[in-house]
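Just below is one structure, and these are the notes that go with it.
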Amino acid sequence: MSSIGIGVEEFRDGLRSGRSGVRPISLYDTTGFEYANGAEVVGFQPERHIRTLDPQRLGRATQFSVAAARMAVADAGLTAEALDAGRCLISVGTTDGESHDLDRLVETEVAEGPEHMDAITARRVPVGHLSTAVAREFELTRAEAVTVPTACAAGNYAIGYGLDAIRIGEADIALCGGADAVCRKTFTGFYRLGTIAPEKCQPFDADRKGILTGEGAGILVLESLESALARGARIYAEVLGYGLNCDAYHQVAPFGESVADCMRLALDDAGVKPEEVDFISAHGTGTKANDTTEVGAIRSVFGDAVPRTISMKSMLGHAMGAASALAAIGCALAIKEGFIPPTINHVQTDPECAVDCVPNEAVEADLRIVQNNGLAFGGNNAVVIFGSYQS
Amino acid sequence: MNTVISAWAAVSPFGIGRQVFQDGLLAGRPAAAGEPAGPDKAAFTVPDFDPRAVLGKKGTRSMDRVTALAAATVGELLATAPGLDAPAADDAPDPRRSVVLGTTTGSAQSMMDFTRSSLTEDKPFFVDPARFPNTVMNCAAGACAIRYQLKGPNATIGGGRTAGLLALNYARRLQLTGRAGSVLCGAAEEYSHARAWLGHHSRDTGEEAAVLGEGCAMMLIEPAGAGGPERPGLAEVLTVQMGVYADAEGIRPALADCVRRALATAEAAPGDLALVAPGEAAGVLGEQELAALDEVLAGAAPERVSCTELIGDTSAAAAAFQIVSVLVSAQHRPALAGRLALVTAVDRDGALGCALLRLLDGATA
Numbered sequence: 006m007s008s009i010g011i012g013v014e015e016f017r018d019g020l021r022s023g024r025s026g027v028r029p030i031s032l033y034d035t036t037g038f039e040y041a042n043g044a045e046v047v048g049f050q051p052e053r054h055i056r057t058l059d060p061q062r063l064g065r066a067t068q069f070s071v072a073a074a075r076m077a078v079a080d081a082g083l084t085a086e087a088l089d090a091g092r093c094l095i096s097v098g099t100t101d102g103e104s105h106d107l108d109r110l111v112e113t114e115v116a117e118g119p120e121h122m123d124a125i126t127a128r129r130v131p132v133g134h135l136s137t138a139v140a141r142e143f144e145l146t147r148a149e150a151v152t153v154p155t156a157c158a159a160g161n162y163a164i165g166y167g168l169d170a171i172r173i174g175e176a177d178i179a180l181c182g183g184a185d186a187v188c189r190k191t192f193t194g195f196y197r198l199g200t201i202a203p204e205k206c207q208p209f210d211a212d213r214k215g216i217l218t219g220e221g222a223g224i225l226v227l228e229s230l231e232s233a234l235a236r237g238a239r240i241y242a243e244v245l246g247y248g249l250n251c252d253a254y255h256q257v258a259p260f261g262e263s264v265a266d267c268m269r270l271a272l273d274d275a276g277v278k279p280e281e282v283d284f285i286s287a288h289g290t291g292t293k294a295n296d297t298t299e300v301g302a303i304r305s306v307f308g309d310a311v312p313r314t315i316s317m318k319s320m321l322g323h324a325m326g327a328a329s330a331l332a333a334i335g336c337a338l339a340i341k342e343g344f345i346p347p348t349i350n351h352v353q354t355d356p357e358c359a360v361d362c363v364p365n366e367a368v369e370a371d372l373r374i375v376q377n378n379g380l381a382f383g384g385n386n387a388v389v390i391f392g393s394y395q396s
Numbered sequence: 065m066n067t068v069i070s071a072w073a074a075v076s077p078f079g080i081g082r083q084v085f086q087d088g089l090l091a092g093r094p095a096a097a098g099e100p101a102g103p104d105k106a107a108f109t110v111p112d113f114d115p116r117a118v119l120g121k122k123g124t125r126s127m128d129r130v131t132a133l134a135a136a137t138v139g140e141l142l143a144t145a146p147g148l149d150a151p152a153a154d155d156a157p158d159p160r161r162s163v164v165l166g167t168t169t170g171s172a173q174s175m176m177d178f179t180r181s182s183l184t185e186d187k188p189f190f191v192d193p194a195r196f197p198n199t200v201m202n203c204a205a206g207a208c209a210i211r212y213q214l215k216g217p218n219a220t221i222g223g224g225r226t227a228g229l230l231a232l233n234y235a236r237r238l239q240l241t242g243r244a245g246s247v248l249c250g251a252a253e254e255y256s257h258a259r260a261w262l263g264h265h266s267r268d269t270g271e272e273a274a275v276l277g278e279g280c281a282m283m284l285i286e287p288a289g290a291g292g293p294e295r296p297g298l299a300e301v302l303t304v305q306m307g308v309y310a311d312a313e314g315i316r317p318a319l320a321d322c323v324r325r326a327l328a329t330a331e332a333a334p335g336d337l338a339l340v341a342p343g344e345a346a347g348v349l350g351e352q353e354l355a356a357l358d359e360v361l362a363g364a365a366p367e368r369v370s371c372t373e374l375i376g377d378t379s380a381a382a383a384a385f386q387i388v389s390v391l392v393s394a395q396h397r398p399a400l401a402g403r404l405a406l407v408t409a410v411d412r413d414g415a416l417g418c419a420l421l422r423l424l425d426g427a428t429a
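Residue numbers (our numbering), protein chains in the order written: chain R, 6 to 396; chain A, 65 to 429.
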């Protein structure tokens with residue numbers, strides 16, 4: 006569920022063709038801001054995806070989460086009955102949860118007073134809904150539904166949690182990823198920090214001006230190799246491992262040494278050497294600070310042989326808690342179909358973060374190992390390593 | 065590998081620290097009433113909790129209440145857990161300390177205040193940038209890491225009244241996979257105008273209003289034996305089993321199934337339970353929870369541990385407070401060593417579950 010398309014095919018075609026999901030923000034009033042582009046999901050009809058639950062009782066991020074889970078389960082050739090027959094973990098990451106609903110409640114409070122807040126909207130707010138609604142949609146009563154609000158690395162956290170639960174034999178299937186909806190609160194915060202780009206997101210470019218807030222959801226279906234082979238599932242990629250750590254340095258600014266450590270943890274967990282990585286899907290927000298720090302960290306791990314390093318945020322905007330989940334899906338599709346998604350809007354590479362970012366056009370490539378970086382506020386880092394499945 | 069709880073700390077409506085919580089719980093006396101906000105008639109708040117007074121001026125200028133509650137509790141835990149600063153044994157797993165913190169929605173107050181500034185100031189971007197991090201739900205866990213230099217995995221888990229159970233399971237898995245050595249695991253909730261109003265509007269017509277409370281309880285989770293003789297372990301975390309219900313009628317069967325799975329996983333019977341600490345949510349959630357326990361534990365009569373009436377509905381912090389209440393209740397009762405304790409929770413947004421603990425000598429001595 007993304008600003009460049011809904012469903013696997015549209016998303017894949019968007020990544021391959023370097024489609025931009027950026028357009029003027031429409032979900033909330035942007036009067037008074039000098040510029041207000043974003044990357045919203047357009048053409049989303051919740052009732053086309055959500056069957057069991059009443060979409061009106063779900064906030065926008067939860068609608069995205071449930072709709073993406075529906076599409077993922079169908080794509081995997083699974084059914085609600087099959088999910089219910091095994092042990093299912095549902096882990097959904099997010100930055101803002103239903104902050105868009107909180108924004109609207111504040112609008113009411115300011116205009117009419119807190120006693121007039123809408124009850125249905127208020128009930129949608131707790132962040133647990135993002136995962137429990139998925140279980141309720143599939144009528145799973147024995148699922149472990151956990152929401153992981155670890156900001157902009159949350160999608161990778163959730164995927165890692167799914168991997169661990171399967172590895173230690175406590176889950177048969179994991180539905181995991183991330184979801185977020187654009188909101189005034191977060192747009193305003195980044196705008197105030199001077200990190201919203203006026204028009205477009207240009208990671209690694211000398212003229213990059215920041216992020217564009219985005220939204221969407223990505224849900225992946227994880228299962229053991231034995232399970233996938235036994236049911237003849239189509240395998241997009243193997244989740245080889247991941248790493249988690251915390252900068253313990255600054256709430257907002259990333260810390261290069263720690264980011265590098267997180268990549269090493271992930272590579273170790275995956276049993277992969279740096280020189281085996283075919284491309285890196287960077288966190289790549291397009292801010293001055295992130296791209297310089299992240300590329301510096303990549304250099305310290307990969308030395309002079311830095312693999313191609315791209316940012317899907319150039320196309321998708323920064324979908325916050327959904328960002329690393331959507332990028333993970335992009336990695337899996339890239340491996341399966343043999344291409345590297347481009348970094349669009351690229352004019353001139355910044356020597357301070359010089360990488361081959363696959364400028365503007367996707368390239369064909371036979372890929373074996375791909376790394377997906379997620380960095381977040383709070384110094385929360387999560388890096389996932391994917392590999393091609395070789396039968 | 066077995067995972068144990070080897071120390072704990074609390075900042076609660078009884079005040080700051082473990083001792084006041086223990087004393088209040090064992091006396092069975094409700095904490096002093098706090099100042100209610102918004103539509104509330106009553107509230108339990110942490111008395112005289114001023115972040116700058118408790119935590120000092122450094123790093124607290126823009127800190128919000130839930131972050132300060134978490135930081136104060138983590139500080140208490142690190143300061144009071146016996147022998148925590150001793151070097152780890154050579155064969156211990158990764159000694160980097162990790163934080164896993166449960167929440168409902170972070171600080172709804174911080175989030176709503178930020179948006180309110182955007183809506184009411186002369187320009188929509190006249191907001192305080194220093195308060196922007198408070199509006200992101202992992203702020204408290206990240207702030208604890210910065211303050212106490214905790215560089216291991218740092219996770220925030222959202223789940224309302226079940227958040228403490230989900231966080232405990234997350235911490236347990238971090239250890240089973242070797243991703244962390246010791247984990248500071250718990251949950252925090254603040255009382256605020258925003259939470260009072262959101263709670264008010266979320267209740268059904270005629271639904272009983274729980275008195276809201278706030279606070280934070282944190283536990284030190286580590287591999288059995290890692291604490292050496294100084295921290296012999298208070299309780300072993302045998303299993304956490306979770307489920308989801310669709311409507312009130314679904315609570316009882318789903319929770320009963322969780323408890324049965326937990327007992328089966330531990331190869332235990334209802335009669336092995338010495339203590340049970342239900343979540344005691346107001347209204348139908350709590351009624352159905354007790355019905356599920358009656359169904360599964362029929363015939364067995366574990367002693368009930370209660371803290372809700374004493375400190376209020378602490379939402380995300382509730383299950384963490386239930387767990388530490390179990391540890392308090394086991395003190396000085398050596399006959400309980402080796403017996404089991406069950407902690408259950410039902411959240412209004414669909415999640416429910418239980419944790420099964422084995423009480424160890426360290427708790428019952």
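All C-beta atoms in this analysis are idealised placements derived from N, C-alpha and C, irrespective of residue type, glycine included.
Please read all numbers here as calculations on a predicted model, not as lab measurements.
Item                                                                                                                        : Value
Residues bridged to ASP185 (chain R) [DSSP beta-bridge criterion]                                                           : R:GLY221
CA-to-CA distance, GLY91 (chain R) to ASP177 (chain R), given in whole angstroms                                            : 6 Å
Status (buried if at least 16 other CB within 10 Å, exposed otherwise) for ALA74 (chain A)                                  : buried
C-beta contact flag for VAL115 (chain R) and LEU183 (chain A) at 8 Å                                                        : yes
Among A:LEU148, A:ASP425, A:ARG82 and A:LEU420, nearest to LEU229 (chain A) - alpha-carbon criterion                        : A:LEU420
Buried versus exposed call for ASP266 (chain R) [16 or more other C-beta atoms within 10 Å across all chains shown]         : buried
Limits of the unbroken beta strand (DSSP E) element including THR297 (chain R)                                              : Looking at the DSSP string, THR297 (chain R) is not in any beta strand (DSSP E); the run it does join, the alpha helix (DSSP H), is 293-307.
Close Cβ partners of ILE374 (chain R) (< 6 Å) along its chain, the five nearest in sequence each way excluded               : VAL277, GLU281, VAL282, ASP283 and GLY392
Boundaries of the beta strand (DSSP E) in which ALA387 (chain R) is found, first to last residue                            : 385-392
Nearest neighbour of ALA394 (chain A), chosen from A:LEU90, A:ASN198 and A:LYS215 [CA to CA]                                : A:LEU90
Chain R contact for LYS215 (chain A) (CB, 8 Å cutoff)                                                                       : yes
Bridge partners - PRO29 (chain R), DSSP secondary structure assignment                                                      : R:ASN42
Buried or exposed by the 16-neighbour rule on C-beta atoms within 10 Å, applied to ASN350 (chain R)                         : buried
Euclidean distance between Cα positions of PRO157 (chain A) and ASN202 (chain A)                                            : For PRO157 (chain A), the predicted structure reports a pLDDT of 44, less than 50, and the residue's modelled location is therefore unreliable. A value from the coordinates is still provided. Cα to Cα, the separation comes out at about 26 Å.
Chain R contact for ARG397 (chain A) (CB, 8 Å cutoff)                                                                       : no
Own chain partners of ALA326 (chain A) with C-beta closer than 6 Å, once the 5 adjacent residues on each side are dropped   : THR303, GLN305, CYS418 and LEU420
Sequence ranges, beta strand (DSSP E) only - wholly within the segment 68-92 of chain R, length at least 3                  : none
Within chain A, the residues that GLU149 (chain R) reaches when beta carbons sit closer than 9 Å                            : LEU230, ASN233, VAL304, GLN305, MET306, GLY307, VAL308, ALA415 and GLY417
Short-range partners of chain A found in the segment 105-117 of chain R, where Cβ spacing is below 8 Å                      : LEU107, ASP108, LEU110, VAL111, GLU112, GLU114 and VAL115
Bounding residues of the alpha helix (DSSP H) (the contiguous stretch that carries PHE385 (chain A))                        : 382-393
6 Å Cβ shell around PHE85 (chain A) - same chain, five flanking residues per side excluded                                  : ALA74, SER76 and PHE78
Straight-line gap, ILE164 (chain R) to CYS181 (chain R) (C-alpha atoms, nearest Å)                                          : 5 Å
THR67 (chain A) - DSSP class collapsed to helix/strand/coil                                                                 : strand
8 Å Cβ cutoff, CYS249 (chain A) in contact with chain R                                                                     : no
Close-in-space but distant-in-sequence residues of the same chain around TYR40 (chain R) (CB under 6 Å, 5 per side omitted) : PRO203
ILE55 (chain R) at chain A interface by Cβ criterion, 8 Å                                                                   : no
Three-pair Cβ contact test at 8 Å for the segment 118-135 of chain R versus the segment 163-174 of chain A                  : yes
Within-8 Å CB hit, ASP169 (chain R) to chain A                                                                              : yes
Contact list for GLU144 (chain R) against chain A, beta-carbon separation under 8 Å                                         : ALA310
Exposed unless 16 or more other CB atoms sit within 10 angstroms - verdict on SER266 (chain A)                              : buried
Cβ distance (whole Å) where ASN233 (chain A) is taken to contact CYS251 (chain R) below 8 Å                                 : Actually they do not touch by this definition, with Cβ atoms about 20 Å apart.
Cβ-based neighbour list, GLY246 (chain R), same chain, cut-off 8 Å, excluding 5 preceding and 5 following                   : LEU168, ALA271, LEU272, ASP273, ASP274, ALA275, GLY276, VAL277, VAL389 and ILE390
Span separating the alpha-carbon of SER104 (chain R) from that of ARG422 (chain A)                                          : 40 Å
Residue span of the alpha helix (DSSP H) that contains LEU135 (chain R), given as start and end                             : 134-142
Residue environment, SER31 (chain R), which counts as buried when at least 16 other CB atoms sit within 10 Å                : exposed
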